[in-house]
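S.K.:
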Amino acid sequence: MYFSKFPHLILIENALSRVINRTEMASSRDTSSSSSASDRPLESTNFAIEIEPTSIQFSSAIHASAHDDTLQVRRFTPASRGLEPFHFLSSTKFAVLQAVEMRFDSSENKSIRAQLKFNIRMVRIKEAAVINAEDKWIACGLELLSDLRDFELWWLQQFSELERKIDAYNSNGSGWIVEQINYFDLCSALTDRIRYYRGRCANFSLPNQLAVKKAIINPPSDGNNCFLFACLAYLHIRDPGVMKSCHRLTTYSRWLDEIDLSGIALPVAISDLDVIEEKNSEICFTVFSWEDDEAYVIRQPLPGICASRKVIPLLLLRNSSS
21 MYFSKFPHLI LIENALSRVI NRTEMASSRD TSSSSSASDR PLESTNFAIE
71 IEPTSIQFSS AIHASAHDDT LQVRRFTPAS RGLEPFHFLS STKFAVLQAV
121 EMRFDSSENK SIRAQLKFNI RMVRIKEAAV INAEDKWIAC GLELLSDLRD
171 FELWWLQQFS ELERKIDAYN SNGSGWIVEQ INYFDLCSAL TDRIRYYRGR
221 CANFSLPNQL AVKKAIINPP SDGNNCFLFA CLAYLHIRDP GVMKSCHRLT
271 TYSRWLDEID LSGIALPVAI SDLDVIEEKN SEICFTVFSW EDDEAYVIRQ
321 PLPGICASRK VIPLLLLRNS SS
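To get this note's numbering, take the position in the sequence shown, counting from 1, and add 20.
#1: According to DSSP, which residues form a beta bridge with residue 196?
#2: Any contact between the region 285-294 and the region 268-277? By contact I mean 3 or more CB pairs, one from each, below 8 Å.
#3: Do residue 181 and residue 174 have their C-beta atoms within less than 7 Å of each other?
#4: Quick check on the DSSP output: the alpha helix (DSSP H) that includes residue 314 runs from which residue to which?
#5: May I ask you to list the residues that DSSP assigns as paired with residue 331?
#6: If I'm right that residue 309 touches residue 318 with Cβ under 8 Å, what's the distance once you round it to whole angstroms?
#7: Which residue marks the beginning of the alpha helix (DSSP H) containing residue 105, and which one marks its end?
#8: Can you list, in chain order, the residues of its chain whose CB lies under 6 Å from that of residue 133, leaving out five sequence neighbours each side?
#9: For residue 158, is the classification buried or exposed, using 16 other Cβ atoms within 10 angstroms of its Cβ as the cut-off for buried?
#10: Below 8 Å on the Cβ atoms is my contact criterion, and I expect residue 334 with residue 305 to pass it. Report the Cβ-Cβ distance as a whole number of Å.
#11: Based on the DSSP output, what are the partners of residue 98 in its beta bridges?
#12: Straight-line CA distance for residue 324 to residue 298?
#13: Taking residue 147 as the reference, which of 261, 253 and 195 has the closest Cα?
#14: Could you tell me which residues DSSP pairs with residue 205 in its beta bridges?
#15: Mark residue 94 as exposed unless 16 or more other C-beta atoms lie within 10 angstroms of its C-beta, in which case mark it buried.
#16: Determine the direct distance from the alpha carbon of residue 130 to that of residue 103, and round the result to whole angstroms.
#17: For the beta strand (DSSP E) containing residue 175, list its first residue and its last residue.
#18: Is it true that the CB of residue 245 sits closer than 7 Å to the CB of residue 286?
#19: Check the DSSP bridge columns for residue 149 and list the partner residues they point to.
#20: Taking the alpha helix (DSSP H) that residue 252 falls in, what are its first and last residues?
#21: With DSSP run on the structure shown, which of helix, strand or coil describes residue 309?
#22: DSSP state of residue 289, grouped into three classes?
#23: Let's see if you can read the secondary structure: which residues bound the alpha helix (DSSP H) around residue 281?
#24: Just mark residue 186 as buried or exposed, buried being the case when its beta carbon has 16 or more other beta carbons within 10 Å.
#25: Whose CA, out of 137, 301, 150 and 201, lies closest to the CA of residue 98?
#26: Using the DSSP secondary-structure output, state which residues sit across from residue 155 in a beta bridge.
#27: Leaving out five residues on either side along the sequence, give the residues of the same chain with a beta carbon under 6 Å from the beta carbon of residue 256.
#28: Please report how far the alpha carbon of residue 48 lies from the alpha carbon of residue 96, in whole angstroms.
#29: Could you tell me the boundaries of the beta strand (DSSP E) in which residue 165 lies?
#30: Compute the beta-carbon to beta-carbon distance between residue 136 and residue 171, rounded to the nearest angstrom, for a pair I have assumed lies under 8 Å.
#31: Using the rule of at least 16 other Cβ atoms within 10 Å of the residue's Cβ for burial, across every protein chain shown, is residue 142 buried or exposed?
#32: Among residues of its own chain, excluding the 5 on either side of residue 300, which ones have a beta-carbon nearer than 8 Å to its beta-carbon?
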């Protein structure tokens with residue numbers, strides 16, 4: 021069988037409205053303090069989601085980890101062999117969403133970085149006969165979910181990457197093709213929740229290549245002092261107040277005098293950065309621009325000062341409307 025595309029990515033969306041039942045939901049956890057991580061049973065859940073004309077069943081189990089407080093691995097395994105791979109994957113979307121939601125609920129003021137890792141049975145065909153078979157791992161990229169609203173984009177990113185990698189296998193002329201997906205793991209790690217780490221700046225429509233990175237800080241400002249608030253947000257990124265209320269100007273009020281901008285006309289120009297570095301001995305600045313879908317360095321700190329200072333990376337993005 022040759023699967024080069026994902027024809028059923030939307031199938032689960034329609035199927036969810038026709039859910040007949042969810043059966044045999046059960047979980048078990050060995051709470052014995054004397055058990056090692058490898059001895060603990062898996063916490064497992066079985067699902068049956070009705071997708072016409074037959075129901076696709078699979079199990080979901082959490083694997084014990086030495087880093088349970090940070091890293092969680094949940095494995096999704098089809099109940100039977102021979103399933104069309106992407107029917108199986110589509111049928112698990114709702115369960116993966118639930119697992120991600122539970123991950124958020126289990127932590128306070130945390131985001132997660134998550135990825136899917138697929139264990140896939142590959143077979144090699146020659147003259148209409150299987151001459152070899154191997155199980156291979158295909159891992160998608162580790163991506164940030166700031167909150168549950170990021171799930172849809174994350175899901176599409178994971179599947180797009182998987183599609184590219186499977187297409188590469190199937191088109192390299194080696195004769196290897198995908199036979200089935202044995203199982204896949206949802207790997208998630210907790211990280212500090214920063215709400216404006218969402219790639220959706222308030223004052224700019226970001227280019228798509230930057231938006232998907234979700235790594236552009238654009239805190240609020242009250243006019244020409246966007247430079248000051250951007251620097252303060254970066255310098256105090258792990259402050260509990262910033263993590264809780266990053267969108268409020270009052271969050272930064274106690275640090276307004278932390279950066280000496282005396283004699284600097286607002287808004288700050290690139291030509292002012294040398295003077296600001298002279299006035300503030302603990303920080304320096306690197307400035308990037310974004311042109312023609314690429315990042316360019318347009319300003320670097322003075323030689324010899326980077327090693328002893330906090331380097332604040334700034335992005336100069338021109339507003340297309342101005």
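Idealized CB from N, CA, C, for every residue including glycine.
If you're wondering where the values come from, they're calculated on a predicted model, not measured in any experiment.
M.R.: Put simply:
#1: Stepping through the sequence shown from its first residue, residue 196 is reached at position 176. DSSP, once it has assigned bridges, lists 144 as partnering residue 196.
#2: Too few Cβ pairs lie closer than 8 Å, so no.
#3: Position 161 of the sequence shown, counted from the start, is the residue given in the question as residue 181. Position 154 of the sequence shown, counted from the start, is the residue given in the question as residue 174. Going by beta carbons, residue 181 and residue 174 fall outside the 7 Å limit.
#4: Sequence index remark: in the sequence shown, residue 314 carries index 294 (1-based). Bounds of any alpha helix (DSSP H) do not take in residue 314; it lies within the beta strand (DSSP E) bounded by 314-319.
#5: As a position in the sequence shown, residue 331 is number 311, starting the count at 1. For residue 331, which the question treats as bridged, DSSP gives the partners 304.
#6: For the purposes of this step, residue 309 is taken as residue 289 along the sequence shown, with counting starting at 1. For the purposes of this step, residue 318 is taken as residue 298 along the sequence shown, with counting starting at 1. Right, the Cβ-Cβ distance comes to about 5 Å (below 8 Å), so this counts as a contact.
#7: Translated into positions along the sequence shown, residue 105 becomes position 85. According to the DSSP assignment, residue 105 belongs to the alpha helix (DSSP H) that extends over 105-111.
#8: Here residue 133 refers to the residue found at position 113 when the sequence shown is read from its first residue. Exclusion of the five residues before and after residue 133 leaves 162, 164, 209 and 211 as the residues of its chain whose Cβ lies within less than 6 Å of its Cβ.
#9: On the sequence shown, position 138 is the one that residue 158 refers to. Residue 158 is buried by the Cβ-count criterion.
#10: Counting from 1 along the sequence shown, the entry for residue 334 is found at position 314. Counting from 1 along the sequence shown, the entry for residue 305 is found at position 285. In this structure residue 334 is in contact with residue 305, their Cβ atoms being roughly 6 Å apart against a cut-off of 8 Å.
#11: Locating residue 98 in the sequence shown gives position 78, counting from the first residue. DSSP lists 78 as the bridge partner or partners of residue 98.
#12: Sequence index remark: in the sequence shown, residue 324 carries index 304 (1-based). Sequence index remark: in the sequence shown, residue 298 carries index 278 (1-based). So the alpha carbons of these two residues sit roughly 13 Å apart.
#13: Position 127 of the sequence shown, counted from the first residue, corresponds to residue 147. Closest option to residue 147, Cα to Cα, is 195.
#14: As a working note, residue 205 is residue 185 in the sequence shown. Paired residues: 95 and 137.
#15: Along the sequence shown, one-based indexing puts residue 94 at 74. Burial call: buried.
#16: Taking the sequence shown and counting its residues from 1, the one referred to as residue 103 is at position 83. Taking the sequence shown and counting its residues from 1, the one referred to as residue 130 is at position 110. Distance between the alpha carbons of residue 103 and residue 130: 36 Å.
#17: Numbered from 1 along the sequence shown, position 155 holds the residue referred to as residue 175. Counting along the chain, residue 175 falls outside any beta strand (DSSP E), though it belongs to the alpha helix (DSSP H) covering 171-191.
#18: Translated into the one-based positions of the sequence shown, residue 286 becomes position 266. Translated into the one-based positions of the sequence shown, residue 245 becomes position 225. Against a cut-off of 7 Å, the Cβ pair of residue 245 and residue 286 comes out as a contact.
#19: Position 129 of the sequence shown, counted from the first residue, corresponds to residue 149. The partner list for residue 149 (beta bridge, DSSP) reads 146.
#20: Position 232 of the sequence shown, counted from the first residue, corresponds to residue 252. Membership of residue 252 in the alpha helix (DSSP H) is indicated by the continuous run 246-255.
#21: Counting from 1 along the sequence shown, the entry for residue 309 is found at position 289. The answer is strand: DSSP assigns residue 309 an E or B state.
#22: For the purposes of this step, residue 289 is identified with residue 269 of the sequence shown, where counting begins at 1. Correct three-state label for residue 289: coil.
#23: Your numbering for residue 281 matches position 261 in the sequence shown. Per DSSP, residue 281 is not a residue of any alpha helix (DSSP H), being assigned neither H nor E.
#24: Taking the first residue of the sequence shown as 1, we reach residue 186 at position 166. That one is buried.
#25: Numbered from its first residue, the sequence shown carries residue 98 at position 78. Cα-wise, what sits closest to residue 98 is 201.
#26: On the sequence shown, position 135 is the one that residue 155 refers to. DSSP, once it has assigned bridges, lists 141 as partnering residue 155.
#27: Here residue 256 refers to the residue found at position 236 of the sequence shown. Correct list, in chain order: 262.
#28: Residue mapping note: residue 48 aligns to position 28 of the sequence shown, counting from 1. Residue mapping note: residue 96 aligns to position 76 of the sequence shown, counting from 1. Confidence at residue 48 is low in this model, with a pLDDT of 33, below 50, so the placement of that residue should be treated as unreliable; the coordinate-derived value is given next. The straight-line gap from Cα to Cα measures roughly 16 Å.
#29: Within the sequence shown, residue 165 is the residue found at index 145, counting from 1. Taken as a continuous stretch (DSSP letters only), the beta strand (DSSP E) holding residue 165 covers 163-165.
#30: As a first step, residue 136 must be located in the sequence shown, where it is residue number 116. As a first step, residue 171 must be located in the sequence shown, where it is residue number 151. Not a contact, Cβ separation roughly 12 Å.
#31: On the sequence shown, position 122 is the one that residue 142 refers to. Buried, because 16 or more other Cβ atoms sit within 10 Å of the Cβ of residue 142.
#32: Against the sequence shown, residue 300 aligns to sequence position 280. So the list reads 279 and 280, once near-sequence residues are dropped.
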